[in-house]
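See structure below.
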Ligand SMILES: [Zn+2]
């Protein structure tokens, strides 16, 4: 039975690859990429401890787009970028431009970031996290506005040269992500050497979307992985393991655009880490996971596209009081980003301002074909969300995070209860809160449910 099923599957694949009639190549597809490596010595994003701007390039940073269009559903774009994350203001500007110039409404734009910590600080980020030179904000603003123009021009150009094609879905695996809340980075090496397995929930899936021409040739491949893109904290521009994975795939498949999007990897790290060799190894392993999927028969995606988007009004939980902020400011020890955050919030309170009570959190859901669900969450989402969403919606579900606005960590109820860095860390984002509301997970799931319907 199994042999017949695989034979029928292969025949189906061969048939669909050898016909170029619109019925057999129902999608219209284009991909493009543009180099976004800063040319000036900008401050680098992600680590508060850096004391100077970038000093060179390990490999270039890229923005990429995959345009998908179908008569039943219209056009949508997946944009991937080697940056830590788009602040809301910049994401809104880019999406506004894409609406005006390409007619894409917000639901049709998936604006993702790889969360490399070797990319530039962007306009609208919480500058107080970094100890930057006085000249940096102007340089960062200039770069960010140029980035906005580059991304919009790239998408517009790609939209002007769509070709017929097919879409295919699959899921592979790569096993280097380690739950960083449950495994100490310092002692993990010894534990592994003793034969122990890393502890805690992980998501080692590698979702793969392949776009092919009617003859079956690969045009583009979009793939994801749920792990902080933070092998490195060097002073050179670099896309980290995701950058190496994309480079590896593009070298092995000349002319193909490889696009990386981040899964729910907020509490996952590539461990051990800190060397370029390890970073390259993780990239190679991720690319191998993608190639393994590409080499197998993949699931064809029928000619149907649905896109939904909602801004969820996500309440904060406890917010800092003036007394708490004063205490933080007066804490002994050197000035750090937490003190600077507290100082600013205190000055806002003392000037008679009140804090916002909630945050406009973006959630997006796409359906490709009849059953491929693509759930896209804003910001740094912990792994529990992906595991629960895939359990709830089935194996044909992909979950991307770090998309559309990266503002803070998004804990699950479990992580919220446990506390710790990913449960709060609001000082890294500049937001006026100590915690999210207790029912954050329920609220996000209800919104996904509304959109998935
Ligand atoms: Zn992060």
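Residue numbers (our numbering): 23 to 475.
A virtual CB, placed ideally from N, CA and C, is assigned to each residue, including glycine.
Small disclaimer: the values here were computed from a predicted structure and weren't measured.
- Excluding residues up to 5 positions away in sequence, 196, 247 and 267 lie with their Cβ nearer than 6 Å to the Cβ of residue 308 in the same chain.
- Checking the 7 Å criterion, the Cβ of residue 207 is out of range of every heavy atom belonging to ligand 1.
- The C-alpha of residue 272 lies about 22 Å from the C-alpha of residue 139.
- DSSP, reduced to helix, strand and coil, places residue 61 outside both helices and strands of the structure shown, so it counts as coil.
- Counted as a single uninterrupted DSSP element, the alpha helix (DSSP H) harbouring residue 272 occupies residues 262-274.
- The Cβ atoms of residue 289 and residue 201 lie closer than 8 Å to each other.
- A Cβ-Cβ separation of about 4 Å places residue 386 in contact with residue 398 under the 8 Å criterion.
- Not one heavy atom of ligand 1 sits closer than 7 Å to the Cβ of residue 283.
- Per the DSSP secondary-structure output, residue 338 pairs in a beta bridge with 458.
- Residue 328 has 389 as its beta-bridge partners, per DSSP.
- With respect to the C-alpha of residue 92, the residue from 64, 188 and 77 having the closest C-alpha is 188.
- Taking one beta carbon from each stretch, the region 308-321 and the region 357-375 have fewer than 3 pairs nearer than 8 Å; the two do not touch.
- Around the C-beta of residue 108, 16 or more other C-beta atoms lie within 10 Å, and the residue is accordingly described as buried.
- Annotation for residue 425 indicates a beta carbon at 7 Å or more from all heavy atoms of ligand 1.
- In the DSSP assignment, residue 179 falls outside any beta strand (DSSP E) and lies within the alpha helix (DSSP H) extending over 158-181.
- DSSP places residue 194 in the uninterrupted beta strand (DSSP E) bounded by 185-195.
- DSSP, read as helix, strand or coil, puts residue 380 in strand.
- Residue 116 and residue 83 do not touch by the CB rule: their CB atoms are close to 16 Å apart, not below 8 Å.
- For residue 193, the closest of 285, 369 and 374 by C-alpha to C-alpha distance is 285.
- Using a Cβ-Cβ distance cut-off of 8 Å, the region 168-184 and the region 118-132 are in contact, since at least three pairs of beta carbons, one from each stretch, lie closer than that value.
- The beta-bridge partner set that DSSP reports for residue 56 consists of 85.
- Residue 282 counts as buried, since no fewer than 16 other beta carbons sit within 10 angstroms of its beta carbon.
- In the DSSP assignment, residue 234 falls within the unbroken beta strand (DSSP E) covering 227-234.
- By the criterion of a C-beta distance shorter than 6 Å, residue 249 is surrounded in its chain by 199, 287, 290 and 292, once the five residues flanking it on both sides are discounted.
- When secondary structure is reduced to three states using DSSP, residue 126 falls in the coil class, being assigned neither helix nor strand.
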